[in-house]
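Engineer: Just remember that my numbering sits 1304 ahead of the position in the sequence shown, which is counted from 1.
Cβ coordinates follow ideal geometry from the N, Cα and C atoms, glycine included.
Quick caveat: nothing in here was measured; it's all calculated off a predicted structure.
Please read through the structure below; I'll follow up with questions.
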Amino acid sequence: MFSFLKKKLKEGVENISSALKGAKEEEERIAEQIEAAVPEKVLPLPPAEAEMIEEELEKEEEQIVPKDVKKEIKEVEREIKEEIIASKEKPKKKGILEKIGLKKKPKKEEIKPEIKEQKPTFVEKIKKAVTEKTIEEAELSPLLEDLNTSLMESDVAFEVAEKITNDLKKVLIGKSIQRGKLEETVKNSIRNSIKEILSVDSIDIINLAHDKKPLKIIFLGVNGTGKTTSIARLGYLLKQNSLVPIFAAGDTWRAAAQEQIEIHGNRLGIDVIKHKYGADPAAVIYDAIRAAENRGYDVVLADTAGRAHSNLNLMEEMKKIVRVNKPDLKVLVVDSLTGNDAVEQAKMFNEAVGLDGIIMTKADVYEKGGALLSAVWAIKKPILYIGVGQDYADLKKFDPEEVVNSLL
Ligand code: GDP
C-alpha cells in the first residue's frame, strides 16, 4: 500500500541527508588535513623557523580549503591573534600583588607554556569552525525543490508538499546537526509534518453507534467511488460488533443501484428499505429512519446517487436529503485512484453539506498515497476508514500513526 509515496519519501530523505552529509564529510576531511599539517609544538622553535612553518601552513590551506571555509578560518585566526596579543600584553600590566611585592613578575620562559598551548587551540578552533558549519539555505533549497516535486508526483497537493518542505527548512537551516544524525533528523521532520496533517479529531463509528440510537449515516460521493460497497462493508462491521444496521436504498437514480444494495443486504442478513426507481431519495431515507426508530435498528446506512460535483441538480437534491433527514454523520466516499481530484471532491461536498469524515476506497490498488494527505488537509476532516480490497472484511479503520510509520 502507498508504495510509490513510500519510495519517494525514502529517496527524498536519502538525497537530502546524503547531500548535506557529503558536504560535512568533506569539511571534516579538510579539518583533518589542517590538523595533520600543523606541527604539534610550534613555539619552542626559533622565530624564523616558526614563521616559515606558518607560511607553509598558509600555502597548505590555500590548496585544500575551499573559499567559504576560508572565510571562517580567517575569522578564527583574527580571534586567535587578538587572544595572543592580549596574552602578551597581560604580563606587562602590574597587578596589585606585584605592586606590593607579594608576587614576582613572571620570567619570560614561564610565559612560554601558556603560549605553547595556543597552537593546538588554534587547530581545534579551525576544526570546530569547519565541522560545525551550519546548514545554509542555498545548499538546502535545491534539495527541498526535489523533495517537493517527488511529493507532488505522489498526488500530494502543492500546499501540503509546501508545508512538509517548509517544516524541514525550519528544522535544518541555521542549525548545526551532527553528521550521523542527519538522516534521522530529516526523517523525523517529515514524519512529524505528516502526523500533523493527519491529526484531525476522528470519530469512532462503532462507539458512537453504541451510544446513540438510531445513528443516522448518509453516504455521499461521485459514481463508482465505492459507496454501495462501503455501506455493505460497514454493515458487516457493525454486525460483527453486535449492532443491527438497516440499509436505505437512497440511490433511486441509477437503474441497478437498488438491486445492488439489496443483494448485499441479502448476503449479509441486513434489512433494506427501498422505493420504486426514480422515487425521492429523501423520502426513502426518511422511511428507513422511521423504521429504525420504531423497530429498534441501531444504525441507518443510507446510500445516495453518485453525483459529479459539477451536477448542480444532484447537489441540490443532496442538500434536500440532508435538510429533511438531519443525519448524524455525512460521510464522503472517495476513490483514492482519482488522485488530485479527491481534493476537489472533498472541498465541493464539504462546502455543500459539511462533511464529518471520509472513506477512501481502493487503497489496496493505489500506490501513490498522497491523495489521503491532501484530502484531509483540504477539509480538515478525518479519514474514517480505508477500503483495502473487495471483500466485506476489507474495510480498515484509518490509523494515522500506522500510516506514518509504514511510510517512514
Ligand atoms: P458506487 O457507485 O459508489 O456505489 O460504487 P460501488 O460500490 O458500486 O463500487 C464500484 C467498484 O469499486 C466495484 O467494482 C467495487 O468492487 C470496487 N471497489 C469498491 N471499494 C473497493 C476497494 O476498497 N478496493 C478495490 N480494489 N475495489 C473496490
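(1) Output needed for P1424: all residues of its chain with C-beta closer than 6 Å, excluding positions within five of it in sequence on either side, in chain order.
(2) Under 8 Å: do the segment 1570-1577 and the segment 1545-1553 share three or more Cβ pairs, one atom per stretch?
(3) Counting only the same chain and skipping the five closest in sequence on each side, list residues whose C-beta sits under 7 Å from that of A1323.
(4) Runs of 3 residues minimum, wholly inside the segment 1581-1654: which ones carry the beta strand (DSSP E) assignment?
(5) Can you grab the Cα-Cα spacing for the pair E1381 / E1671, in whole Å?
(6) Which residue's Cα is closest to the Cα of G1478: I1509, E1441, T1469, N1492?
(7) Do we get a CB-CB distance below 8 Å when we pair Y1540 with the residues of chain C?
(8) Identify, in the order they occur along the chain, each residue of the same chain with its Cβ nearer than 6 Å to the Cβ of H1579, setting aside the five sequence neighbours on each side.
(9) Run through DSSP, which three-state label would A1442 get?
(10) Within the same chain, show all residues whose beta-carbon is closer than 7 Å to that of A1592, passing over the 5 residues directly before and after it, in chain order.
(11) Along the beta strand (DSSP E) that carries D1575, what are the first and last residues, could you check?
(12) Hey, is the segment 1678-1691 in contact with the segment 1468-1478, meaning 3+ C-beta pairs nearer than 8 Å?
(13) Should the segment 1654-1674 be called in touch with the segment 1523-1539, which here means at least 3 C-beta pairs below 8 Å?
(14) May I ask you to list the residues that DSSP assigns as paired with M1456?
(15) Roughly how many angstroms separate the alpha carbons of N1644 and G1673, rounded to a whole number?
(16) Measuring only from the beta carbon, is Q1694 closer than 7 Å to any heavy atom that is part of the ligand GDP?
(17) Cα separation between S1480 and K1325?
(18) Roughly how many angstroms separate the alpha carbons of I1522 and L1512, rounded to a whole number?
(19) For F1523, which of helix, strand or coil comes out of DSSP?
(20) For the beta strand (DSSP E) containing F1551, list its first residue and its last residue.
(21) Within its chain, find whatever has a CB closer than 7 Å to the CB of S1458; leave out the 5 residues flanking it on each side and keep chain order.
(22) Is G1530 close to the ligand GDP? I mean its beta-carbon at under 7 Å from any heavy atom of the ligand.
(23) Looking at the strands, I want to know which residues DSSP matches up with T1665.
Structural biologist: For this structure:
(1) Against the sequence shown, residue 1424 aligns to sequence position 120. Any reading at P1424 must be qualified, since the residue scores a pLDDT of 49, below 50, and its modelled position is unreliable; the value itself is stated next. If we look at P1424 and ignore the five residues flanking it on each side, it has no Cβ neighbours.
(2) yes
(3) Here the question's residue 1323 lines up with position 19 in the sequence shown. Same-chain partners within the cutoff: L1447.
(4) 1603-1606, 1633-1639
(5) Working through the sequence shown from its first residue, we reach residue 1381 at position 77. Working through the sequence shown from its first residue, we reach residue 1671 at position 367. Their Cα atoms are separated by approximately 55 Å.
(6) Within the sequence shown, numbered from 1, the residue matching residue 1478 stands at position 174. Considering only alpha carbons, the answer is E1441.
(7) The structure shown contains no chain C; it is built from a single protein chain.
(8) Your numbering for residue 1579 matches position 275 in the sequence shown. If we look at H1579 and ignore the five residues flanking it on each side, its Cβ neighbours are V1588.
(9) Within the sequence shown, residue 1442 is the residue found at index 138, counting from 1. A1442: helix per DSSP, three-state reduction.
(10) Mapped onto the sequence shown, residue 1592 falls at position 288. Counting only Cβ-Cβ distances below 7 Å, and skipping sequence neighbours, we find I1550, A1552, I1577, V1604, A1606.
(11) As a first step, residue 1575 must be located in the sequence shown, where it is residue number 271. Element bounds for D1575: 1575-1577.
(12) no
(13) yes
(14) For the purposes of this step, residue 1456 is taken as the residue at position 152 of the sequence shown. None; M1456 has no bridge partner.
(15) Along the sequence shown, read from residue 1 onward, the residue named residue 1644 stands at position 340. Along the sequence shown, read from residue 1 onward, the residue named residue 1673 stands at position 369. So the two alpha carbons sit approximately 11 Å from each other.
(16) As a position in the sequence shown, residue 1694 is number 390, starting the count at 1. It does: the Cβ of Q1694 is within 7 Å (strictly closer) of some heavy atom of the ligand GDP.
(17) As a position in the sequence shown, residue 1480 is number 176, starting the count at 1. As a position in the sequence shown, residue 1325 is number 21, starting the count at 1. Using only the alpha carbons, I get a separation of about 12 Å.
(18) As a working note, residue 1522 is residue 218 in the sequence shown. As a working note, residue 1512 is residue 208 in the sequence shown. Spanning the two alpha carbons is a distance of roughly 15 Å.
(19) As a working mapping, residue 1523 is identified with position 219 in the sequence shown. Strand.
(20) Here the question's residue 1551 lines up with position 247 in the sequence shown. That run of the beta strand (DSSP E) goes 1549-1552.
(21) In the sequence shown, counting from the first residue as 1, residue 1458 sits at position 154. The residues are F1308, L1309, K1312, K1672, G1673, G1674.
(22) The residue given as residue 1530 occupies position 226 in the sequence shown. G1530 Cβ: within cutoff of the ligand GDP.
(23) Your numbering for residue 1665 matches position 361 in the sequence shown. According to DSSP, T1665 bridges with D1639.
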